[in-house]
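Counting from 1, position 178 in the sequence shown corresponds to residue 177 in numbering that gives the first Met the number 0; the numbering is continuous, with no gaps. Glycine included, each C-beta is placed from N, C-alpha and C at the ideal position.
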Amino acid sequence: MQESVNKQRPEKIFVDAKEVEITRAIAEEFYTVLQERAECDVIIIGAGPAGLTAARELSLMGYKILVIEQNNYLGGGYWLGGYMMNPVTVRAPAQKIWDELGIPYKKVGDGLYLTPGPHAVSKLIASTCDAGVKFLNLTKFDDLVLRHGRVAGIVVNWMPVSALPRNITCVDPIALEAKMIIDASGHDSVAVKRLVDRDMVEWKGMNPMWVENGEEHVVEKTGEVFPGLVVAGMSVTETHGLARMGPTFGSMLYSGKKAAEITDEKIKEYDRKIPKKSD
Numbered sequence: 000m001q002e003s004v005n006k007q008r009p010e011k012i013f014v015d016a017k018e019v020e021i022t023r024a025i026a027e028e029f030y031t032v033l034q035e036r037a038e039c040d041v042i043i044i045g046a047g048p049a050g051l052t053a054a055r056e057l058s059l060m061g062y063k064i065l066v067i068e069q070n071n072y073l074g075g076g077y078w079l080g081g082y083m084m085n086p087v088t089v090r091a092p093a094q095k096i097w098d099e100l101g102i103p104y105k106k107v108g109d110g111l112y113l114t115p116g117p118h119a120v121s122k123l124i125a126s127t128c129d130a131g132v133k134f135l136n137l138t139k140f141d142d143l144v145l146r147h148g149r150v151a152g153i154v155v156n157w158m159p160v161s162a163l164p165r166n167i168t169c170v171d172p173i174a175l176e177a178k179m180i181i182d183a184s185g186h187d188s189v190a191v192k193r194l195v196d197r198d199m200v201e202w203k204g205m206n207p208m209w210v211e212n213g214e215e216h217v218v219e220k221t222g223e224v225f226p227g228l229v230v231a232g233m234s235v236t237e238t239h240g241l242a243r244m245g246p247t248f249g250s251m252l253y254s255g256k257k258a259a260e261i262t263d264e265k266i267k268e269y270d271r272k273i274p275k276k277s278d
């Protein structure tokens, strides 16, 4: 029988570290991320498949990216393939994105591919982190920063604040600024709805399921809906009144890629309009 760990290594397993050292390390790293990303190139609202894909693509282009997510976990609805069953599907050619990420899958029909949801999500999250994207989870979108008819940032607060009784929620939010914002918040389409509340854009709401129609149109309609604000994923579906596509994710991945391409173009346009400082 194999000897126990203690018999093999009578010395201590772990290096000594005081509790306060751990506290300081966590606090300093969190502050560093907040300080560095309070003003960045792109802020993405929502860490579902569309938001993560857009974040990864933009970070690989060299942009400084921050993703906010109201949940404690990343991945959105990508963990489950429908009806609390965790295999997820994509239709060709979206399996090529799985190939990019090294996600194993099997062909289950003509142009239909399947993989375990946890494998797909964990690979996407890891590759997005590896690309240099930073995250603020348990962070809730509250409002937009608007300047000169253009979205210039977002207003956020801790997610738990929204669960407190209103008479004790005197906790002011903070603002984060960016050249472009991507609303990848899913069905909630939170940034778009803030503009709808002010009669600045139109929001139609999702139509009944039609997989083929819904997937085609969500990619087609991915784009800028207001200066400085791009929509991706199910936020596109809700904003433009498209058919829902149900438990298949190819269009979410492709929408994220397209959102990144459009955002890249918009940032270049934005930079060209800003006067360069003379040496």
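By the neighbour-count definition (other C-beta atoms within 10 Å, threshold 16), residue 167 is an exposed residue. Listed in chain order, the non-local C-beta contacts of residue 64 below 6 Å within the same chain comprise 41, 54, 57, 58, 132, local neighbours out to five positions each way being set aside. Counting of Cβ neighbours within 10 angstroms places residue 147 among the exposed residues, the total staying below 16. Approximately 7 Å separates the beta-carbon atoms of residue 245 and residue 81; this is inside 8 Å, confirming the contact. Proximity of the region 251 to 261 to the region 216 to 235 meets the contact definition, three or more beta-carbon pairs being nearer than 8 Å. Ranked by Cα distance from residue 121, the options 74, 134, 272, 135 are led by 74.
Along the length of the region 183 to 220, whole alpha helix (DSSP H) runs at least 4 residues long occupy 189 to 196, 210 to 220, reported in chain order. As a beta-bridge residue in DSSP terms, residue 112 pairs with 89, 106. In this structure, residue 76 lies away from residue 183, with their beta-carbon atoms at least 7 Å apart. The beta-carbon distance between residue 255 and residue 48, rounded to whole angstroms, is 7 Å. This is short enough to meet the 8 Å contact definition. Around the beta carbon of residue 165, a 10 Å sphere encloses fewer than 16 other beta carbons of the protein chains shown; the residue is thus reported as exposed. Here residue 177 carries a strand assignment [DSSP, helix/strand/coil]. Proximity to residue 179 across 105, 11, 225 peaks at 225, based on C-alpha coordinates. When DSSP states are grouped into helix, strand and coil, residue 171 belongs to the coil group. In the three-state scheme derived from DSSP, where H, G and I count as helix and E and B as strand, residue 166 is classed as helix.
In this structure, the beta-carbon distance from residue 163 to residue 71 does not fall below 7 Å. Cβ neighbours of residue 200 within its own chain (closer than 7 Å, five residues either side excluded): 191, 194, 224, 225. Our two residues, residue 173 and residue 154, have alpha carbons roughly 6 Å apart in a direct line. Taking every protein chain shown into account, the CB of residue 197 has fewer than 16 other CB atoms within 10 angstroms, so this residue is exposed. With a 10 Å radius around the Cβ and a threshold of 16 neighbouring Cβ atoms, residue 21 comes out exposed. Between the alpha carbons of residue 87 and residue 19 lies a gap of roughly 43 Å. Looking at the DSSP output, residue 67 shares a beta bridge with 44, 135. Here residue 170 has 160 as same chain residues with Cβ atoms under 6 Å from its own Cβ, once five neighbours each way along the sequence are excluded. Counting only residues of its own chain and dropping the five nearest sequence neighbours on each side, residue 205 has a CB closer than 6 Å to the CB of 236, 237, 243. If you ignore the 5 residues before and after residue 130, its C-beta comes within less than 6 Å of the C-beta of 55, 58, 59, all in its own chain and listed in chain order.
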